[in-house]
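For the record, the sequence lines run as chains G and Y. Residues 1 to 368 in the working numbering are what the first sequence lists, from first letter to last. Residues 1 to 355 in the working numbering are what the second sequence lists, from first letter to last.
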Amino acid sequence: MNLNKSKSPPFVHKNARIAHKLVYFLIVGSQIGVGVLGFVRYIAKYVRQDSWIIVILGGLSIHIILWMMFKILNKHGGDLFNIHHQFFGKWLSLPLSSLFIFYYLVTGIVILRTYIEAVQNWMFPGIPIWTLSFFFVALTYYIVGKGFRVVTGIAYFCFVLTIWMTFTHYFPIRYGHFINLLPVLDFGLKDYFQAFKVMVLSFLGIEYLFAYYPYLENPKKAQKWAHIGAATTTGIYMLTTLSTLMYFSPKQLQGLTWPTLQEWKIVTLPILERFEYVGIAFFAIVVLINLAIALWTSSRGINRIFDIKQRIAIIPLSILLFATPVFFTTRFKVDELNNIIGKFGFYLLYAYIPLLFIISLLKKGEKT
Amino acid sequence: MKKFLSLLVCLLLTACNTEKEVLDDITMVRSFGFDKYPKKNHINGTIIYPIYIDEQTFKMRDLSAAGETAKEVRAELNEMVSKPLFVGKLNTVLFSQEIAKEGIMETLDMLQRDPGVGRAIYLAITKESTKEILTIDNNLANHDGNFYSSLIKQNENYSNLPHLNFHTFLYAYFSDCMDPILPYLSHRNNSVKIKGLALFKKDKMVGTLGEEDLLAFKTLYQNLNEGSYQFSSQKYKGNLEILKSRIHYTILAKPHHRVILNVNVKGRLTEYTKVNAGKPNVIKGIERNIEKELNREGYKLIGKFQKLNIDPIGIGEHVRSRTRAFDHKGWNKNYSGLDIKVKYQVKITESGISQ
Chain G
1 MNLNKSKSPP FVHKNARIAH KLVYFLIVGS QIGVGVLGFV RYIAKYVRQD SWIIVILGGL
61 SIHIILWMMF KILNKHGGDL FNIHHQFFGK WLSLPLSSLF IFYYLVTGIV ILRTYIEAVQ
121 NWMFPGIPIW TLSFFFVALT YYIVGKGFRV VTGIAYFCFV LTIWMTFTHY FPIRYGHFIN
181 LLPVLDFGLK DYFQAFKVMV LSFLGIEYLF AYYPYLENPK KAQKWAHIGA ATTTGIYMLT
241 TLSTLMYFSP KQLQGLTWPT LQEWKIVTLP ILERFEYVGI AFFAIVVLIN LAIALWTSSR
301 GINRIFDIKQ RIAIIPLSIL LFATPVFFTT RFKVDELNNI IGKFGFYLLY AYIPLLFIIS
361 LLKKGEKT
Chain Y
1 MKKFLSLLVC LLLTACNTEK EVLDDITMVR SFGFDKYPKK NHINGTIIYP IYIDEQTFKM
61 RDLSAAGETA KEVRAELNEM VSKPLFVGKL NTVLFSQEIA KEGIMETLDM LQRDPGVGRA
121 IYLAITKEST KEILTIDNNL ANHDGNFYSS LIKQNENYSN LPHLNFHTFL YAYFSDCMDP
181 ILPYLSHRNN SVKIKGLALF KKDKMVGTLG EEDLLAFKTL YQNLNEGSYQ FSSQKYKGNL
241 EILKSRIHYT ILAKPHHRVI LNVNVKGRLT EYTKVNAGKP NVIKGIERNI EKELNREGYK
301 LIGKFQKLNI DPIGIGEHVR SRTRAFDHKG WNKNYSGLDI KVKYQVKITE SGISQ
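Right, dumping it as structure tokens:
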């Protein structure tokens, strides 16, 4: 094991890199997860009709964080693991980077378990957790084993296959009540802050960029596309929030676990009486790309820090990804897991990345 | 390794079969009815479902059972059929007015929790027992099990019944300042007739609205593009077909002392007992008359709601949307004494194809 690997910036062969525009799909794919099925309830708990303001604020803050990330990465060249090494030295960077690897993997576990919960509640009440988790992890393993270009391809694939679901918001908005969005700004600052904190969980996903940055062919040009990606996510969340707020009365919304799935219950097409089953099934694709990116970044981290071949690192990580969901058996536990990762992500984005940014301002950049 | 994996995945896929949901092997409940049962705290449930004779033809059958809760009724019914009950294609749920007066949320909760039940299904209250309604003439009118839902749906789309379904009921039920309403049906001449609306306070039925009030109510409840209004005076009778009706609220003397509901109605005459309806001043006169009549009816409706202390139109919700730091408890307390006015503005654009 060579712990000094992350000392040097990563080298990625030209053929293994991806075109800068494709970062758009990676950003959208990693940001949008199962959270979109239920996040509105959590924000609306604090600020009811003003939830959409929080979505906009969250989206804007994400742009700032993304900008900071690109600044750091552009200046110091390389990935998070290399930056840790440069900033904190070999031994201090080790636990920090390991924490990141752990975090990347746990985001995958959260997504997988939350999705399985939705499937158990809506489609197959008795299905054992491990069957679905096995199916997903096997597929993820297959994708990630093929390398980052394939992961990117899947991200594109997922985007194209699922973006049409945005249009289903037409139905709840048609049956909705506009007065549910009024009056604007009717809460205290504290409520907005609380809501903002819960909102962040849904916007997590840009931090994967720290790991796959070296794979971008033209990082400076990619920044624009990353921002467009983050804006797309905000747009989709905005639409979800507006339709959910308009369609449900506030107390009704608080009684629902997955408001977006409940919204789909009103979608009736001539050939399809019940849309939510199609919706859940298609969401498997959204989950898949989240898992693939999470597994890839965590295995990449192991490769970078411990100098273990990524192909080998995937195996134990996949097993962890497969086995851990089984231990979260109840709704309560799944919720708690989501809360913990949300809190961690909040401090990661709004405290740790700015901290890195400040350090990077003080440090000299890489000579290229 | 890859081949092995893909093989495993295939095996796994075949393992998650759902064979019990094949159409021929389930009892597909189309309508559910709930009545009071003579025994204390018991309810009687009636379902109708199709039985297939051969591949193309089927007959509707009905079945009843009693139990303490809706879930128990369902279990009882399940014990009486050869194929398991599924509510995925449920399209109407009926409640008799006796049971509705005691509250229906407990029963609806079973349906609300079941992921198989849609939100676009129809709920309705029946004057007679639902068993009586559901068992009339199943073979002709209700040959496909869609009769009750189609009845309500077409009246919502082409006539004076407001747009109501399971979702709107839950929406109003969970609202702070709004009360649910449901269509009110009754048995008539071997068929079912929409008699008006059942009014609710929370989940308990507290009154009804006659069919003659439906149009005035619908214009106050929602924006609409269809409906017809029968008007009359000592001199003439007539019918106004509504082409467009839009409502907006004026809230005066904050905090919420006076509310004015402005309704703009556009329509055309389809019946008029005096022939000379072509002259502009005659049309004007008719417009004023209809306005006066609608104002009176709207006022009467609001008065009735205030007396019952219910708010099916959701006036409170509109006031909330215009008031900062709205106090809904205070509003609900003062509601019945508030000054709420209705102001119609009618415009007749055409008078049919004859002058």
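Positions of the beta carbon are idealized from the N, C-alpha and C atoms, including for glycine.
Rounded to whole angstroms, what's the CA-CA distance from V94 of chain G to F306 of chain G? Just pull it up for me. Per the sequence presented here, residue 94 of chain G reads as Leu, with Val not at that position. Distance between the alpha carbons of L94 of chain G and F306 of chain G is about 9 Å.
Sorted by chain position, which residues of the same chain lie with C-beta nearer than 8 Å to T166 of chain G's C-beta, five sequence neighbours on each side aside? I236, L239.
Interface positions of the stretch 306–324 of chain Y facing chain G (Cβ-Cβ less than 9 Å), listed along the chain: Taking 9 Å as the Cβ-Cβ cut-off against chain G, the residues of the stretch 306–324 of chain Y that qualify are G314, E317, H318, R320, S321, R322, T323, R324.
At a Cβ cut of 9 Å, what residues of the stretch 175–187 of chain G count as close to chain Y, listed as they run along the chain? Of all residues in the stretch 175–187 of chain G, Y175, H177, F178, I179, N180, L181, L182, P183, L185, D186 have a Cβ within less than 9 Å of some Cβ in chain Y.
Note down, in chain order, each residue of its chain lying with its Cβ closer than 8 Å to the Cβ of L105 of chain G, except the 5 sequence neighbours on either side. A294, L295, S298, L317, L320, L321
Measure how close the beta-carbons of H187 of chain Y and I136 of chain Y come, nearest whole angstrom, since I'm counting them as under 8 Å. The pair is a contact, with the Cβ atoms about 7 Å apart (cut-off 8 Å).
Mind the definition here: the stretch 190–209 of chain Y touches the stretch 290–310 of chain Y only if three or more C-beta pairs lie below 8 Å; say whether that holds. yes
Against chain G, with Cβ distances strictly below 9 Å, would P162 of chain Y count as a contact? Taking Cβ atoms only, chain G never reaches closer than 9 Å to P162 of chain Y, which makes this a no.
Would you say I65 of chain G reaches chain Y, if we count a Cβ-Cβ gap shorter than 9 Å as a contact? no
Select from G:K71, G:F25, G:I56, G:Y46 the residue whose C-alpha is nearest the C-alpha of P354 of chain G. G:K71
Where the beta strand (DSSP E) through E271 of chain Y begins and ends: Looking at the DSSP string, the run of the beta strand (DSSP E) that includes E271 of chain Y is 258–272.
Since R17 of chain G and Y215 of chain G are thought to touch, with beta carbons under 8 Å apart, how far apart are those beta carbons, to the nearest angstrom? 5 Å
Contact criterion: CB-CB distance below 9 Å. Does M165 of chain G meet it with respect to chain Y? Look at M165 of chain G: its C-beta is not under 9 Å from any C-beta on chain Y.
If I measure Cβ to Cβ from V259 of chain Y and keep anything under 8 Å in the same chain, skipping five residues before and after, which residues do I get? Y249, T250, I251, L252, I315, H318, V319, L338, D339, I340, K341
Could you say which of Y:T208, Y:L301, Y:L63 lies nearest to I194 of chain Y if we only look at CA atoms? Y:T208
Proximal chain Y residues relative to I266 of chain G, where beta-carbon distance stays under 8 Å: G118, R119, A120, H167
Bounding residues of the beta strand (DSSP E) (the contiguous stretch that carries T126 of chain Y): 122–126
Proximal chain G residues relative to F175 of chain Y, where beta-carbon distance stays under 9 Å: Per the sequence shown, the amino acid found at residue 175 of chain Y is Ser instead of Phe. Going along chain G in sequence order, the residues near S175 of chain Y (Cβ under 9 Å) are S249, P250, K251, Q252.
Nearest-angstrom beta carbon gap, R74 of chain Y and L63 of chain Y [assumed within contact, 8 Å]: Not confirmed; about 11 Å, so no contact.
Quick check: K244 of chain Y and K266 of chain Y, are their CB atoms within less than 9 Å of each other? yes
Between W122 of chain G and chain Y, is there a C-beta pair that is closer than 9 Å? At least one CB atom of chain Y sits nearer than 9 Å to the CB of W122 of chain G.
Which chain Y residues are close to G33 of chain G, counting only those with a beta carbon under 9 Å from its beta carbon? Within chain Y, no residue comes near G33 of chain G; the closest Cβ sits about 21 Å away, beyond 9 Å.
Are any of the Cβ atoms in chain Y nearer than 9 Å to that of G58 of chain G? no
Straight-line CA distance for E19 of chain Y to P125 of chain G? Because the pLDDT at E19 of chain Y is just 45, under 50, the model does not fix this residue reliably, and the value given afterwards should be weighed accordingly. Answer to the nearest angstrom: the Cα atoms are 15 Å apart.
Residues of the stretch 73–101 of chain Y whose Cβ lies closer than 8 Å to any Cβ of chain G, in chain order: Listed by position, the residues of the stretch 73–101 of chain Y near chain G (Cβ gap below 8 Å) are G88, K89.
So is S6 of chain G buried or exposed if we call it buried at 16+ other beta carbons inside 10 Å? Residue burial annotation: S6 of chain G is buried, with at least 16 other C-beta atoms found within 10 angstroms of its C-beta.
Could you tell me which chain G residues have their CB closer than 7 Å to the CB of L252 of chain Y, listed as they occur along the chain? Those within 7 Å of L252 of chain Y in chain G number zero; the least Cβ separation is about 17 Å.
For I314 of chain G, count the other beta carbons within 10 Å of its own beta carbon; 16 or more makes it buried, fewer makes it exposed. Which is it? buried
Would you list, in sequence order, the uninterrupted beta strand (DSSP E) runs of no fewer than 3 residues that lie entirely inside the stretch 188–264 of chain Y? 191–201, 204–210, 228–232, 237–252
Quick check on the DSSP output: the alpha helix (DSSP H) that includes S64 of chain Y runs from which residue to which? Looking at the DSSP string, S64 of chain Y is not in any alpha helix (DSSP H); the run it does join, the beta strand (DSSP E), is 58–67.
Any chain G beta carbon closer than 9 Å to M178 of chain Y: M178 of chain Y has a beta carbon lying within less than 9 Å of a beta carbon in chain G.
Given a threshold of 16 other Cβ atoms within 10 Å of its Cβ, counted over all protein chains shown, does Q56 of chain Y qualify as buried or as exposed? exposed
Does DSSP put S186 of chain Y in a helix, a strand or coil? strand
Given that P115 of chain Y touches chain G, what residues does it touch there, using C-beta distances under 7 Å? Within chain G, the residues near P115 of chain Y are N121, W122.
Opposing strand residues paired with V93 of chain Y [DSSP bridges]: Y:F32, Y:L123
Can a CB atom of chain G be found closer than 9 Å to the CB of F326 of chain Y? yes
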